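Sequence order for the protein chains is P and S.
Be aware that the first sequence starts at 404, since it is given in our numbering, and climbs by one per residue.
Be aware that the second sequence starts at 404, since it is given in our numbering, and climbs by one per residue.
Report on the structure given below.
Protein chains: 2
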Amino acid sequence: MRLLSQIFQPIITIPKGAKIKNTEITCKSQKLLLECGLIRPSSAGFFTILPLARRAIDKLEDIINKCLKDVNAQRISLPCLTSARLWESTGRLDDVGSELFTVEDRHDKRYLLAPTHEEAVADLMADVGPISYRQLPLLIYQITNKYRDELRPKHGLLRSREFQMMDLYGFHTDHTCAETTYNNVTRVYEKLFKILNLPVYRVVAPSGDMGGTLSHEWQLPAAAGEDSVAVCPSCSHASLASDVCTQCGKETDICNSIEVGHTFILGTKYSVPLQANCIRQGSNPAPLVMSCYGIGITRLLAAGIEALSTESCIRWPAAVAPYSAIVIGPKEGSKEWSVHGAQETQGVARCIGDVVGDVLVDDRHALTIGKRMMMADRMGYPNIIVCGRHSVENPPRYELYANNDKSPLLLDINELMQFLRNGSSNNVVECVN
Amino acid sequence: MRLLSQIFQPIITIPKGAKIKNTEITCKSQKLLLECGLIRPSSAGFFTILPLARRAIDKLEDIINKCLKDVNAQRISLPCLTSARLWESTGRLDDVGSELFTVEDRHDKRYLLAPTHEEAVADLMADVGPISYRQLPLLIYQITNKYRDELRPKHGLLRSREFQMMDLYGFHTDHTCAETTYNNVTRVYEKLFKILNLPVYRVVAPSGDMGGTLSHEWQLPAAAGEDSVAVCPSCSHASLASDVCTQCGKETDICNSIEVGHTFILGTKYSVPLQANCIRQGSNPAPLVMSCYGIGITRLLAAGIEALSTESCIRWPAAVAPYSAIVIGPKEGSKEWSVHGAQETQGVARCIGDVVGDVLVDDRHALTIGKRMMMADRMGYPNIIVCGRHSVENPPRYELYANNDKSPLLLDINELMQFLRNGSSNNVVECVN
Chain P
404 MRLLSQIFQP
414 IITIPKGAKI
424 KNTEITCKSQ
434 KLLLECGLIR
444 PSSAGFFTIL
454 PLARRAIDKL
464 EDIINKCLKD
474 VNAQRISLPC
484 LTSARLWEST
494 GRLDDVGSEL
504 FTVEDRHDKR
514 YLLAPTHEEA
524 VADLMADVGP
534 ISYRQLPLLI
544 YQITNKYRDE
554 LRPKHGLLRS
564 REFQMMDLYG
574 FHTDHTCAET
584 TYNNVTRVYE
594 KLFKILNLPV
604 YRVVAPSGDM
614 GGTLSHEWQL
624 PAAAGEDSVA
634 VCPSCSHASL
644 ASDVCTQCGK
654 ETDICNSIEV
664 GHTFILGTKY
674 SVPLQANCIR
684 QGSNPAPLVM
694 SCYGIGITRL
704 LAAGIEALST
714 ESCIRWPAAV
724 APYSAIVIGP
734 KEGSKEWSVH
744 GAQETQGVAR
754 CIGDVVGDVL
764 VDDRHALTIG
774 KRMMMADRMG
784 YPNIIVCGRH
794 SVENPPRYEL
804 YANNDKSPLL
814 LDINELMQFL
824 RNGSSNNVVE
834 CVN
Chain S
404 MRLLSQIFQP
414 IITIPKGAKI
424 KNTEITCKSQ
434 KLLLECGLIR
444 PSSAGFFTIL
454 PLARRAIDKL
464 EDIINKCLKD
474 VNAQRISLPC
484 LTSARLWEST
494 GRLDDVGSEL
504 FTVEDRHDKR
514 YLLAPTHEEA
524 VADLMADVGP
534 ISYRQLPLLI
544 YQITNKYRDE
554 LRPKHGLLRS
564 REFQMMDLYG
574 FHTDHTCAET
584 TYNNVTRVYE
594 KLFKILNLPV
604 YRVVAPSGDM
614 GGTLSHEWQL
624 PAAAGEDSVA
634 VCPSCSHASL
644 ASDVCTQCGK
654 ETDICNSIEV
664 GHTFILGTKY
674 SVPLQANCIR
684 QGSNPAPLVM
694 SCYGIGITRL
704 LAAGIEALST
714 ESCIRWPAAV
724 APYSAIVIGP
734 KEGSKEWSVH
744 GAQETQGVAR
754 CIGDVVGDVL
764 VDDRHALTIG
774 KRMMMADRMG
784 YPNIIVCGRH
794 SVENPPRYEL
804 YANNDKSPLL
814 LDINELMQFL
824 RNGSSNNVVE
834 CVN
């Protein structure tokens with residue numbers, strides 16, 4: 404149980420057309436995250452993640468870690484600085500050039516703030532290799548900051564210059580093995596987006612600068628999206644741009660979308676120049692066949708909010724809301740206050756905490772219940788519980804606004820806990836092993 | 404339960420005097436972490452954290468997060484890039500100059516890869532301020548990568564150029580309030596080091612580049628340490644350099660030590676130039692009084708290993724060992740193997756996992772038990788369980804080497820679980836709230 408008054412949440416109101424740190428407010432998630440005191444720009448394209456957003460990201464990381472356990476992926480951390488020499492050897496230093504932040508150390512050695520780590524991880528494999536076929540397939544991943552010197556950072560966390568990303572790398576003896584891994588990992592992606600309750604489409608994509616033989620983008624429809632996806636209303640097949648469904652011939656619906664993930668079979672584009680080899684049974688060393696998988700974590704959080712929210716109220720994927728429930732007690736000086744004070748509210752919150760795990764108490768008792776309910780609704784907590792006028796009845800009853808419903812359920816404490824127990828079991832991450 | 408054969412742990416043997424990526428092997432923790440496949444240098448002063456070390460760091464972060472909850476500290480993430488302009492305004496750009504990595508973006512705006520965030524966090528407070536006295540004291544922290552372009556990176560994770568750090572910042576209306584917070588947070592430090600079972604000394608220190616009015620270093624005695632601490636054998640009082648104990652007049656023992664934390668009352672050194680103000684009750688806005696607290700996470704892990712290990716075997720603070728227990732089954736072709744195969748071992752591991760939470764099975768059955776025991780001892784798992792010749796008795800009994808003891812206990816499954824239950828309850832983090 405945590406008291407809202409103790410939480411660092413600098414709420415502001417942004418007038419229409421205003422700029423924050425010289426940045427225009429161009430989309431819903433950016434405006435809501437700023438106004439609700441969840442993020443704060445430090446300079447163009449750089450953001451401080453404030454406590455409530457940090458909690459949401461912690462939950463998202465936790466879900467991703469658990470999902471990746473299912474495919475035996477192991478977490479590591481590569482340095483955020485990659486030697487420029489490695490990117491020269493694969494030719495990407497010139498290809499991606501202008502978007503790279505580069506750094507020189509005191510000995511004039513050049514590094515880049517890596518936007519992705521194919522070179523670094525292939526170099527690691529070369530360093531510890533050649534890898535025996537017995538150790539393959541090998542899946543390693545990290546959750547770290549990535550950097551991209553965007554020409555025009557915009558849309559808040561949707562296109563920032565420092566962002567958090569999960570990047571997973573697969574190593575294989577051959578293409579067949581890489582394809583099996585690719586199928587396993589993309590199933591993990593599908594599971595993750597299902598847990599988050601986000602309608603993310605997987606679409607065949609060009610491999611671009613990354614190279615390789617097969618690639619999918621993972622696109623979430625949202626009006627502010629800078630990409631677009633064509634979805635068949637009949638068979639739900641999705642593609643990047645096609646008026647007609649290639650699967651069933653129907654006319655597609657084209658909508659804006661946000662890329663939240665990208666997956667690749669890379670082949671040997673990185674392992675050949677960096678000499679990352681494996682030893683196959685009874686044959687000579689050969690280049691490792693690589694695959695890679697990215698999920699923009701800060702972007703996915705913002706994209707989820709962009710897709711689900713109204714213009715004025717945040718709506719989270721329930722599994723990553725900063726708190727699952729908020730309890731609002733009576734206003735100071737009210738009849739209910741004179742009976743219970745703040746005790747009742749905290750008692751109810753403790754019971755709820757036992758069921759949902761994390762609960763917030765809005766202890767700003769100088770404010771009316773109505774005012775605090777409005778703010779809780781704006782923040783989008785999945786369960787809002789009010790200890791109002793029915794809390795002095797016998798037995799006491801509480802108003803529950805579940806899943807952002809406008810009309811409350813009136814429940815006694817046992818019914819309330821029962822309801823939340825069932826609700827939270829629906830949100831439970833099933834991939835724990 | 405996890406199988407050791409599936410873990411990415413590139414074990415190597417480093418010949419005496421050898422260099423790895425042009426770096427000399429100069430201390431025990433560096434050698435052991437490299438040889439046991441826990442870290443890997445990518446270039447001088449930069450390291451990849453491999454899966455088993457990543458697990459240890461996850462545990463350490465988790466303990467730190469839980470301890471900081473006790474003082475109501477809230478986690479945020481500041482960008483790793485700080486505008487150079489902020490450091491100009493406090494004068495530190497020149498003071499720390501040569502150790503800073505700097506970056507220019509495509510618009511020639513200059514940033515630094517922050518080694519610490521006093522300027523960034525004071526700028527945040529100025530941006531959201533002035534802060535009401537009702538919100539103070541406010542404690543916010545982050546766990547992120549920090550950067551220092553060391554002239555001579557050395558000793559592996561003890562002095563690297565990219566490192567993980569917990570940095571906590573306190574904001575107060577006045578010095579008295581800052582002192583109260585300082586005492587609360589230093590008690591958290593003491594609790595943390597007690598959980599880790601590390602004899603860390605708190606010594607009064609000069610404030611140096613950081614400025615401020617009060618400062619302590621937190622020093623862990625270790626032969627490879629680059630600092631030194633004078634400890635009184637009589638009253639245990641410690642200081643940075645003093646032949647005679649200032650508390651009781653006895654002669655001190657001076658030993659090498661590693662700085663694992665540093666704490667400061669900063670006063671208004673940062674809040675004045677950056678205009679981070681608070682509003683005190685019934686008075687005009689005034690500069691916030693700041694305090695700050697750092698713990699080098701990657702350094703603390705290495706320092707713990709440096710202090711506890713033997714020349715050839717890692718010894719962890721038990722609470723952060725990558726796995727609490729490892730189970731070793733019979734060798735293929737042995738009498739026990741012919742009775743049980745691998746089934747028995749995994750069954751035992753599952754039972755143990757229920758008690759200690761995390762358990763590893765050494766499934767490399769082609770190796771002898773002795774060879775695998777030697778490797779498990781070298782890795783320093785706090786509990787090594789052998790399903791050997793006594794596992795075919797009725798009832799089956801298992802050898803337990805607990806806390807790196809050389810002589811085993813011979814226990815049946817119930818005794819084994821009982822023993823581990825008691826042992827693991829001693830290591831439990833008591834600060835969960």
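No residue lacks a Cβ here, since even glycine has one placed at the ideal position from N, Cα and C.
What you are looking at is a predicted structure, and each value in this text was computed from that prediction instead of being measured.
query = For the segment 459-526 of chain S, which segments carrying the beta strand (DSSP E) assignment without a break, of at least 3 residues, lie completely within its bounds, in sequence order?
reply = Qualifying beta strand (DSSP E) stretches, in chain order: 484-486, 504-507 and 513-516.
ask   = Applying a beta-carbon distance threshold of less than 7 Å, which residues of chain S neighbour Ser712/P?
value = Within chain S, no residue comes near Ser712/P; the closest Cβ sits about 22 Å away, beyond 7 Å.
key: Helix, strand or coil at Pro677/S according to DSSP, with G and I counted as helix   = Reading off the sequence, residue 677/S comes out as Leu, not Pro. In the structure shown, Leu677/S sits in a helix (DSSP, three-state: H, G or I).
Within 7 Å, strictly: CB atoms of Val751/P and Val723/P = No. Outside cutoff.
ask   = Taking buried to mean at least 16 other C-beta atoms within 10 Å of its own C-beta, is Lys462/P buried or exposed?
value = By the neighbour-count rule (16 or more Cβ atoms within 10 Å), Lys462/P is buried.
task = Determine which residues of the segment 479-502 of chain S have a Cβ less than 8 Å from any Cβ of chain P, and write them out in chain order.
result = The residues in question are Ile479, Ser480, Leu481, Pro482, Cys483, Leu484, Thr485, Ser486 and Ser501.
ask   = Does the count of Cβ pairs from the segment 600-612 of chain P and the segment 655-669 of chain P closer than 8 Å reach three?
value = Contact between the segment 600-612 of chain P and the segment 655-669 of chain P is established, with three or more Cβ pairs separated by less than 8 Å.
query = When the distance is taken between beta carbons, is Ala523/P closer than 7 Å to Thr584/P?
reply = For Thr584/P and Ala523/P, no; Cβs fall outside 7 Å.
query = Does Asn587/P get closer than 7 Å to chain S when you measure Cβ to Cβ?
reply = Chain S has no Cβ within less than 7 Å of the Cβ of Asn587/P.
query = Buried or exposed: where does Lys424/S fall if 16 or more other Cβ atoms within 10 Å of its Cβ makes it buried?
reply = So Lys424/S counts as exposed.
request  = For the alpha helix (DSSP H) holding Cys754/P, just list the boundary residues, first then last.
outcome  = Taken as a continuous stretch (DSSP letters only), the alpha helix (DSSP H) holding Cys754/P covers Gln746 to Val759.
C-beta contact flag for Leu358/P and Arg800/P at 7 Å = Chain P is shown only over 404 to 836; residue 358/P falls outside these bounds and no answer can be derived.
request  = Taking 8 Å as the threshold, find out whether the segment 489-499 of chain S comes into contact with the segment 645-656 of chain S through three or more Cβ pairs.
outcome  = Judged by Cβ distances under 8 Å, the segment 489-499 of chain S makes no contact with the segment 645-656 of chain S, as fewer than three pairs qualify.
Distance, Gly791/S Cα to Val588/P Cα = Approximately 38 Å between the Cα atoms of the pair.
Same chain only: Cβ atoms within 8 Å of Gln412/S, ignoring 5 sequence neighbours per side = Correct list, in chain order: Cys439, Gly440, Leu441, Leu453, Pro454 and Leu455.
message = For Phe574/S and Ser535/S, I'd like the C-alpha separation in whole angstroms.
response = Going from the Cα of Phe574/S to the Cα of Ser535/S covers about 11 Å.
ask   = Leu838/S by DSSP, collapsed to three states: which one?
value = Lying outside 404 to 836, the shown extent of chain S, residue 838/S is not represented and no answer is given.
inquiry  = Could you tell me the alpha carbon to alpha carbon distance between Thr771/P and Leu542/S, rounded to whole angstroms?
reply    = Going from the Cα of Thr771/P to the Cα of Leu542/S covers about 28 Å.
Exposure of Leu560/P, with buried meaning 16 or more beta-carbon neighbours within 10 Å = Buried.
ask   = When the Cβ atoms of the segment 794-810 of chain P are set against those of the segment 461-476 of chain P, are three or more pairs found closer than 8 Å?
value = The segment 794-810 of chain P is not in contact with the segment 461-476 of chain P.
query = Run through DSSP, which three-state label would Val835/P get?
reply = Because Val835/P carries a pLDDT of 33, less than 50, the predicted location of this residue cannot be relied on, and the following value inherits that uncertainty. In the three-state reduction of the DSSP assignment, Val835/P falls in the coil class, being assigned neither a helical nor a strand state.
inquiry  = Assuming contact is defined by CB atoms lying nearer than 7 Å, are Asp552/P and Asp498/S in contact in what I supplied?
reply    = Result no, Cβ atoms of Asp552/P and Asp498/S do not sit closer than 7 Å.
query = Residues in the segment 412-436 of chain P with C-beta within 7 Å of chain S's C-beta atoms, listed in sequence order?
reply = The residues in question are Pro413.
key: Burial state of Thr451/S, where buried means 16 or more other Cβ atoms lie within 10 Å   = Burial is judged here by how many other beta carbons sit within 10 angstroms of a residue's own beta carbon; Thr451/S has at least 16 and is buried.
task = From the DSSP output, in three-state form, read off Ser828/P for me.
result = Any reading at Ser828/P must be qualified, since the residue scores a pLDDT of 48, below 50, and its modelled position is unreliable; no value is offered.
Residue from Arg683/P, Ile717/P and Ser727/P with nearest C-alpha to Met778/P = Residue nearest to Met778/P within the set Arg683/P, Ile717/P and Ser727/P is Ile717/P (criterion: CA-CA distance).
request  = Taking only beta-carbon positions, decide if Asn680/S is within less than 7 Å of chain P.
outcome  = It does not; no Cβ of chain P falls within 7 Å.
Same chain, Cβ closer than 6 Å to Phe822/S, neighbours up to 5 away in sequence not counted = Closer than 6 Å at Cβ, skipping near neighbours: no residue.
query = In chain P, what lies closer than 8 Å to Glu438/S by C-beta?
reply = Below the 8 Å Cβ cutoff, chain P contributes no neighbours of Glu438/S, its closest Cβ being approximately 13 Å away.
query = With a CB to CB cut of under 8 Å and the five nearest residues on each side skipped, what residues in its chain are close to Arg767/P?
reply = Within the same chain, Arg767/P has close Cβ partners Leu407, Ser408 and Arg775.
message = Quick check: does the Cβ of Arg562/S come within less than 6 Å of any heavy atom belonging to the ligand ATP?
response = Because no ligand of any kind appears in the structure shown, any question about the ligand ATP cannot be addressed here.
query = Thinking C-alpha only, which one of Cys754/S, Val692/S and Ser445/S is nearest Leu539/S?
reply = When the alpha-carbon of Leu539/S is set against those of Cys754/S, Val692/S and Ser445/S, the nearest one is in Val692/S.
task = Name the two residues that bound the continuous alpha helix (DSSP H) containing Trp740/P.
result = Counting along the chain, the alpha helix (DSSP H) containing Trp740/P begins and ends at Lys738 to His743.
Gly399/P: first and last residue of the uninterrupted beta strand (DSSP E) it sits in = The requested residue 399/P is not part of the displayed model; chain P covers only 404 to 836.
message = For Ala769/P and Lys734/P, I'd like the C-alpha separation in whole angstroms.
response = C-alpha separation (whole angstroms): 6 Å.
query = For Ile657/P, which three-state DSSP category applies?
reply = Strand.
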